[in-house]
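Q: Numbering (full-length UniProt numbering), first residue to last: 1 to 158.
Right, I'll just put the structure down here and ask away after.
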Amino acid sequence: MENKKFTVTDDLLASKGQRFLNFVIDLFIIYVIEISIGTTIILIGDLTKSDAASNWVSSLSIIESFFFGLVTLFFYYLITEMYFSRTFGKYFTKTMVVKHDGSRPIMKNVIIRTLSRLIPLEPFSFLTADRGWHDTLSVTYVVKKHDFIAKKKLFSEE
């Protein structure tokens with residue numbers, strides 16, 4: 001009796017178009033989250049008659065805004081990929097993140113994956129290779145969800 005293990009194959013990998021659309025959608029969602037947080041802080045400041053909160057948000061420098069964006073990006077990817085194995089972008093493109101054996105990524109994989117996204121020009125690394133740097137460094141794959149589930153189910157029936 002042969003003991004075979006499931007592995008992610010190239011036919012399951014998300015296309016470059018799907019990956020790019022994931023990136024664009026996720027950037028838009030992150031931007032909306034940033035605007036929502038800033039607006040909420042300003043509204044709370046106005047309701048509590050605290051000008052300090054409103055002034056703090058409106059006086060952020062470009063560098064401070066950039067770092068606020070990085071923190072938002074970090075927590076967005078960390079939370080969504082840790083709990084759902086997919087971001088909103090991946091939800092819309094019907095893709096998901098898995099490990100090489102088809103299992104869900106563990107926290108270590110997701111943290112490495114998320115930190116790797118902070119490398120300059122990293123979002124475009126998947127355009128020149130089959131997998132982006134955040135995939136290779138975290139040993140994860142972005143797969144087409146329905147194809148992946150069907151192939152994994154077929155594998156388990158064998």
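A virtual CB, placed ideally from N, CA and C, is assigned to each residue, including glycine.
Just so it is clear, the structure is predicted and the values come from calculations on it, not from any experiment.
Out of Gly-102, His-146, Leu-154, Trp-133, point me to the one whose CA is closest to Leu-121's CA.
A: Minimum Cα distance to Leu-121 is reached at Trp-133.
Q: Taking 6 angstroms as the limit between beta carbons, can you name the residues of its chain near Glu-81, skipping five residues before and five after?
A: The answer, listed in chain order, is Val-97, Val-110.
Q: Could you have a look at Leu-78 and say whether DSSP puts it in helix, strand or coil?
A: Three-state result, Leu-78: helix.
Q: For the putative contact between Val-143 and Ala-14, defined by C-beta atoms under 8 angstroms, what is the C-beta separation to the nearest angstrom?
A: 6 angstroms between Cβ atoms; contact.
Q: Rounded to the nearest angstrom, what separates Phe-155 and Gly-89 at their Cα positions?
A: Answer to the nearest angstrom: the Cα atoms are 28 angstroms apart.
Q: Please classify Gly-102 as buried or exposed, where buried requires at least 16 neighbouring CB atoms within 10 angstroms.
A: Buried, since its Cβ has 16 or more Cβ neighbours within 10 Å.
Q: Just to confirm my understanding: we take Met-1, look at its own chain, exclude 5 residues before and 5 after, and list those with CB closer than 6 angstroms. What are they?
A: Residue placement at Met-1 is flagged as unreliable, the pLDDT there being 45, under the threshold of 50; the coordinate-derived value follows with that caveat. Once the five neighbours on either side are set aside, Met-1 has no close Cβ partner at all.
Q: Spatial neighbours of Leu-27 within its chain, please: CB distance less than 6 angstroms, with the 5 preceding and 5 following residues excluded, ordered by chain position.
A: Result list for Leu-27: empty, nothing under 6 angstroms.
Q: Tell me where the alpha helix (DSSP H) around Lys-90 begins and ends.
A: Segment 88-92, the alpha helix (DSSP H) holding Lys-90.
Q: Please name the residue in Glu-157, Lys-94, Tyr-76, Phe-126 whose C-alpha comes closest to that of Val-32.
A: Of the candidates Glu-157, Lys-94, Tyr-76, Phe-126, the one whose C-alpha sits nearest the C-alpha of Val-32 is Tyr-76.
Q: Applying the criterion that 16 or more other CB atoms from any shown protein chain within 10 Å of the CB defines a buried residue, is Val-8 buried or exposed?
A: With 16 or more other Cβ atoms within 10 Å, it is buried.
Q: Cβ of Gly-69 within 8 angstroms of Cβ of Val-57?
A: No; because the gap between Cβ atoms is not below 8 angstroms, this pair is not in contact.
Q: Which runs of the alpha helix (DSSP H) at least 4 residues long sit entirely within the segment 110-138? Give them in chain order.
A: Qualifying alpha helix (DSSP H) stretches, in chain order: 133-138.
Q: Where does Trp-144 fall in DSSP's three states?
A: This sequence places Lys at residue 144; Trp is not what is there. Looking at Lys-144 - three-state DSSP - the assignment turns out to be strand.
Q: Pick out whichever of Arg-19, Thr-128, Asp-135, Tyr-83 has its Cα sitting closest to the Cα of Ser-116.
A: Comparing Cα positions, the closest option is Asp-135.
Q: When burial is assigned at 16 or more other CB atoms within 10 Å of the CB, is Lys-108 buried or exposed?
A: Per the 10 Å Cβ criterion, exposed.
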